[in-house]
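Residue numbers (the working numbering), protein chains in the order written: chain H, 1 to 79; chain S, 1001 to 1170.
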């Protein structure tokens, strides 16, 4: 006898798929690589500004160090 | 010849964004002849993978960045110790992991991720990896995170999953 639910398989045909438990060991990071990785044009563009800042800070530091050595040269020398 | 950059400059750099990646790039050496800067770049970025228990997580990693300021050399990054060692003055090498620790702390405080994933590059010896990653784990723990899972991934690389305990209201 038809039940009107003929699209459903009978219970004997049902496949029960167990939910897979998350397991972090299955994850494979794409952030880790070997050798050299070239920087993209976009990366290069974004890095230029901040590295210019770095260079200016380095230049300031270098001039400060020179200033310090200048001060030292002016320190009184004991005889 | 790459010469060390004064250590006092290391705290002078801000967290930068590249899409959804947040990173700190700390210059450690400079070559005036080739106009190149060597930096330690530490990154954190969000990701989703159903194999991680919480699904959504943040991954952290670090690399060495060699950047040519005048375009005379192709800029690149590397996680390969044998490559990086050619650009890092000997006197600076012991301080690299300390720079990464400071950077990780700043990134974690800035992003405040719920779950952090880290993995050791294959080829690293467990002993060397342990020394570095125990330090990094301790830094992240000191910011309120606890190890949720650790082991080896499908490629045999050592990984850590750390979580910030959820505070139950009331």
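All C-beta atoms in this analysis are idealised placements derived from N, C-alpha and C, irrespective of residue type, glycine included.
* **Pair within 9 Å by beta-carbon distance, residue 1030 of chain S and residue 1115 of chain S** => no
* To do: Return the chain-ordered list of same chain residues with a C-beta closer than 6 Å to the C-beta of residue 1087 of chain S, the five sequence neighbours on each side being excluded.
  => 1002, 1038 and 1066
* To do: To the nearest angstrom, report how far apart residue 1144 of chain S and residue 1084 of chain S are at their CA atoms.
  => 32 Å
* Asked: Taking Cβ-Cβ distances shorter than 7 Å, what residues in chain H pair up with residue 1163 of chain S?
  -> Per Cβ cutoff of 7 Å: no residues; residue 1163 of chain S is ~11 Å from chain H at best.
* Separation of residue 20 of chain H from residue 3 of chain H, as counted between CA atoms -> Residue placement at residue 3 of chain H is poorly supported in this model, since its pLDDT is 46, which falls under 50; the coordinates are not used for a value here.
* What is the rounded straight-line gap between the Cα of residue 1013 of chain S and the Cα of residue 24 of chain H? -> 33 Å
* Asked: Candidates S:1033, S:1034 and S:1074: which alpha carbon is nearest residue 38 of chain H's?
  -> S:1074
* May I have the straight-line CA-CA distance separating residue 1235 of chain S from residue 1063 of chain S, to the nearest angstrom? => Since the first residue of chain S shown is 1001 and the last is 1170, residue 1235 of chain S is not available in this structure.
* **Which listed residue (S:1141, S:1036 and S:1127) has its alpha carbon closest to that of residue 47 of chain H** => S:1036
* Spatial distance of residue 29 of chain H from residue 1152 of chain S (CA atoms) -> 12 Å
* Asked: Can you give the beta carbon distance from residue 1040 of chain S to residue 1096 of chain S, rounded, assuming they're within the 8 Å contact cut?
  -> 6 Å
* Which word fits residue 1159 of chain S, buried or exposed, when buried means at least 16 other C-beta atoms lie within 10 angstroms of its C-beta? -> buried
* To do: State the Cα-Cα distance for the pair residue 1015 of chain S and residue 41 of chain H, rounded to the nearest angstrom.
  => 20 Å
* Asked: Over what stretch of residues does the alpha helix (DSSP H) that includes residue 1081 of chain S continue unbroken?
  -> 1081–1084
* To do: Mind checking the stretch 27–47 of chain H against chain S and listing, in chain order, the residues whose C-beta falls within less than 9 Å of any C-beta there?
  => 27, 28, 29, 30, 31, 32, 33, 34, 35, 36, 37, 38, 39, 42, 43, 44, 46 and 47
* To do: Check whether the Cβ atoms of residue 1111 of chain S and residue 32 of chain H lie closer than 9 Å to each other.
  => no
* **Cross-chain neighbours of residue 1152 of chain S in chain H, by beta carbon under 9 Å** => 25
* Of all the CB atoms in chain H, is at least one closer than 9 Å to the CB of residue 1157 of chain S? -> yes
* For residue 1244 of chain S versus residue 1091 of chain S, is the C-beta distance shorter than 9 Å? -> With chain S covering only 1001 through 1170, there is no way to say anything about residue 1244 of chain S.
* Listed by chain order, chain H residues near residue 1037 of chain S by CB distance under 9 Å -> 51, 54, 55 and 58
* Verify the CB distance criterion: does residue 1080 of chain S have a CB-CB separation below 9 Å to chain H? => yes
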